[in-house]
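One structure is given below, encoded as structure tokens.
Protein chains: 2
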Amino acid sequence: MARRSDHTREELETLITDTAEQIVSAEGFAALTARRIAKDIGYTPGTLYNIFGSMDGIYLAVNVRTMDKLLEALARPESDAPNTPLEERLRIMAGLYMDFAHENKALWLMLFEYALTGEIDLPVWYQDKVQTLFAPLEDVLTPLFTGKEHSREHKMAARVLWSSVHGICLMRETGKIPLISGETPYAMSDYLIENFIKGLHDRAS
Amino acid sequence: MARRSDHTREELETLITDTAEQIVSAEGFAALTARRIAKDIGYTPGTLYNIFGSMDGIYLAVNVRTMDKLLEALARPESDAPNTPLEERLRIMAGLYMDFAHENKALWLMLFEYALTGEIDLPVWYQDKVQTLFAPLEDVLTPLFTGKEHSREHKMAARVLWSSVHGICLMRETGKIPLISGETPYAMSDYLIENFIKGLHDRAS
DNA sequence: ACTATCAATGAACGGTGTTCAATAACATGG
DNA sequence: CCATGTTATTGAACACCGTTCATTGATAGT
Numbered sequence: 420m421a422r423r424s425d426h427t428r429e430e431l432e433t434l435i436t437d438t439a440e441q442i443v444s445a446e447g448f449a450a451l452t453a454r455r456i457a458k459d460i461g462y463t464p465g466t467l468y469n470i471f472g473s474m475d476g477i478y479l480a481v482n483v484r485t486m487d488k489l490l491e492a493l494a495r496p497e498s499d500a501p502n503t504p505l506e507e508r509l510r511i512m513a514g515l516y517m518d519f520a521h522e523n524k525a526l527w528l529m530l531f532e533y534a535l536t537g538e539i540d541l542p543v544w545y546q547d548k549v550q551t552l553f554a555p556l557e558d559v560l561t562p563l564f565t566g567k568e569h570s571r572e573h574k575m576a577a578r579v580l581w582s583s584v585h586g587i588c589l590m591r592e593t594g595k596i597p598l599i600s601g602e603t604p605y606a607m608s609d610y611l612i613e614n615f616i617k618g619l620h621d622r623a624s
Numbered sequence: 420m421a422r423r424s425d426h427t428r429e430e431l432e433t434l435i436t437d438t439a440e441q442i443v444s445a446e447g448f449a450a451l452t453a454r455r456i457a458k459d460i461g462y463t464p465g466t467l468y469n470i471f472g473s474m475d476g477i478y479l480a481v482n483v484r485t486m487d488k489l490l491e492a493l494a495r496p497e498s499d500a501p502n503t504p505l506e507e508r509l510r511i512m513a514g515l516y517m518d519f520a521h522e523n524k525a526l527w528l529m530l531f532e533y534a535l536t537g538e539i540d541l542p543v544w545y546q547d548k549v550q551t552l553f554a555p556l557e558d559v560l561t562p563l564f565t566g567k568e569h570s571r572e573h574k575m576a577a578r579v580l581w582s583s584v585h586g587i588c589l590m591r592e593t594g595k596i597p598l599i600s601g602e603t604p605y606a607m608s609d610y611l612i613e614n615f616i617k618g619l620h621d622r623a624s
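Sequence order for the protein chains is G and X.
Under the numbering used here, the first sequence has 535 at position 116, and the numbering climbs by one with no breaks.
Under the numbering used here, the second sequence has 514 at position 95, and the numbering climbs by one with no breaks.
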């Protein structure tokens, strides 16, 4: 039996989450099992259930961490240089998103595999976390939507753009919806942003 | 033992696919197991493996059928009325897509759950089937891209629009990426199409 | 040192996809 | 009509899965 005070409850939480994250990164979501995590940390599955209640709890913990990393990636300074045109800021941000998804493929896919699989409602704190993902995009779009009467449209534009880039990203990472030969997802997202923003400007004038 | 000539091999194929489709429709992808299908059709799991080799084969068979039904739905006459402006045709088609996803939620989700889960490459005939899904959208966009030099852009526009509507649709059906309160996915897709097409027209002029 | 607490265990349960020797239903030739 | 060969079908078995829970044993308090 493992020494009872080898780790505090908090230490175990992060130890389990760390290990889970590493397994997914290296071998994909399918390799993430209770027995595997337990083996890697030198405990037994029961301990995972003391801490997280179920595998779902572990999935959520890993996903929250992935969202944090994603938010960090989107805040990279390139997109914050002053005097950068709005459209280019958007292109950079979309690029950062796609880069992140590509470099953290398994973790990024897990974000949505799990969301799709689960039939039960996600906890509110998790939903709130998801909401925060839109903030960087909304910030970039702010100049286009001054005035309170455009608040709804502002939110909508952010979500529409987000969904769209996400859809393109899914094409690339799953490889199931085939890209056009020779066409990069970056070109596709640029094309989308270019025309969508052009349309938005038309409205303003 | 079931009478050996109760069903031909072909009959068994469709019988299994039918049953699998029905189980997913009624109870979701998670309820689709080999033993369950076998029980429903009065055979044993082994028979499924004689016919489809593995559960993957059954997943693919169901998905192909779903894609066929989707293609059929997208070809509904509403979108073919003459003198309909291109933008409205697009809005209708996006609406038909979202309607289909909503009315066949479990089957539609299965299309992507499976694609995400599987690590192995999909068979070519399946990839070809996926390709056909873009055709209706490409057809609608044809007037915007006359001339051979725009062939690539034509394909790209279709895929970008498709991915985008798909992303919005995912928001709605999974409920994980929250929609704005009071904003329908239809409004979002309309907003996307309106501005994207406006941008495309700018280019032309 | 004794005791009460409780983290950790490991066996067990009912499920999964999958394999494969045995079987039984059929088709065929004598 | 029977014997034989073929093969679809079976069901037990394997290695896994998430999850539960009585038992155990390390710890902390007295």
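The beta-carbon is built from N, C-alpha and C at its ideal position, and this holds for glycine as well.
From a predicted model like this one, the values you see are computed outputs, not experimental measurements.
Distance between residue j and residue i (C-alpha atoms, nearest Å)
i         : j         : result
X/Leu-589 : X/Lys-524 : 10 Å
X/Thr-452 : X/Ile-435 : 12 Å
G/Ile-477 : G/Leu-490 : 20 Å
X/Leu-563 : X/Leu-505 : 9 Å
G/Met-474 : G/Asp-540 : 15 Å
X/Met-517 : X/Tyr-545 : 22 Å
X/Glu-557 : X/Met-512 : 11 Å
G/Leu-519 : G/Ala-492 : In the sequence as presented, Leu is not what sits at residue 519 of chain G; that position holds Phe. Distance between the alpha carbons of G/Phe-519 and G/Ala-492: 7 Å.
G/Gly-586 : X/Gly-465 : 38 Å
X/Ile-616 : G/His-620 : 13 Å
X/Met-486 : G/Asn-502 : 46 Å
X/Lys-548 : X/Val-443 : 21 Å
G/Lys-567 : G/Val-579 : 19 Å
X/His-573 : G/Thr-603 : 15 Å
G/Phe-448 : G/Tyr-462 : 21 Å
X/Tyr-605 : X/His-521 : 12 Å
X/Glu-446 : G/Arg-571 : 36 Å
G/His-569 : G/Pro-555 : 18 Å
G/Val-559 : X/Arg-428 : 59 Å
G/Trp-581 : X/Gly-618 : 18 Å
X/Ser-608 : G/Ser-583 : 10 Å
G/Ile-460 : X/Val-543 : 41 Å
X/His-426 : X/Glu-532 : 31 Å
G/Lys-488 : X/Thr-565 : 44 Å
X/Arg-622 : X/Thr-561 : 15 Å
X/Thr-433 : X/Ala-421 : 17 Å
X/Glu-507 : X/Thr-438 : 38 Å
X/Arg-484 : X/Gln-550 : 14 Å
G/Met-471 : G/Leu-528 : The amino acid at residue 471 of chain G is misidentified as Met; the sequence shows Phe. Taking the straight line from one Cα to the other gives about 22 Å.
G/Gly-594 : X/Ala-500 : 35 Å
X/Arg-423 : X/Leu-431 : 11 Å
For residue i, the first and last residue of its enclosing alpha helix (DSSP H)
i         : result
X/His-569 : Premise fails: X/His-569 is in no alpha helix (DSSP H) and is neither H nor E.
G/Asn-469 : 464-471
X/Glu-602 : Here X/Glu-602 belongs to no alpha helix (DSSP H), and DSSP marks it neither H nor E.
G/Ser-444 : 428-446
X/Asp-518 : 505-522
G/Ala-453 : 453-460
X/Pro-555 : 554-560
X/Asn-502 : Counting along the chain, X/Asn-502 falls outside any alpha helix (DSSP H), and DSSP gives it neither H nor E.
G/Ala-492 : 474-493
G/Asp-425 : Premise fails: G/Asp-425 is in no alpha helix (DSSP H) and is neither H nor E.
X/Asp-547 : 543-551
Anticipated Cβ contact below 8 Å, residue i with residue j, distance rounded
i         : j         : result
X/Leu-467 : X/Ala-457 : 6 Å
G/Leu-530 : G/Asn-469 : Wrong, their Cβ atoms sit about 26 Å apart, outside the cutoff.
G/Ala-576 : G/Phe-553 : Wrong, their Cβ atoms sit about 11 Å apart, outside the cutoff.
X/Leu-526 : X/Glu-440 : 7 Å
X/Trp-515 : X/Arg-495 : This sequence places Leu at residue 515 of chain X; Trp is not what is there. With 8 Å as the limit, X/Leu-515 and X/Arg-495 qualify as a contact, their Cβ atoms being about 6 Å apart.
Interfacial residues, the stretch 576-587 of chain X to chain G, with Cβ spacing under 7 Å: Arg-578, Val-579, Ser-582, Ser-583, His-585, Gly-586, Ile-587
Cβ contact (3+ pairs, closer than 8 Å) linking the stretch 447-461 of chain X and the stretch 609-623 of chain G: no
Residues in the stretch 553-569 of chain X having any Cβ partner in chain G nearer than 7 Å: none
Interface positions of the stretch 472-504 of chain G facing chain X (Cβ-Cβ less than 7 Å), listed along the chain: none
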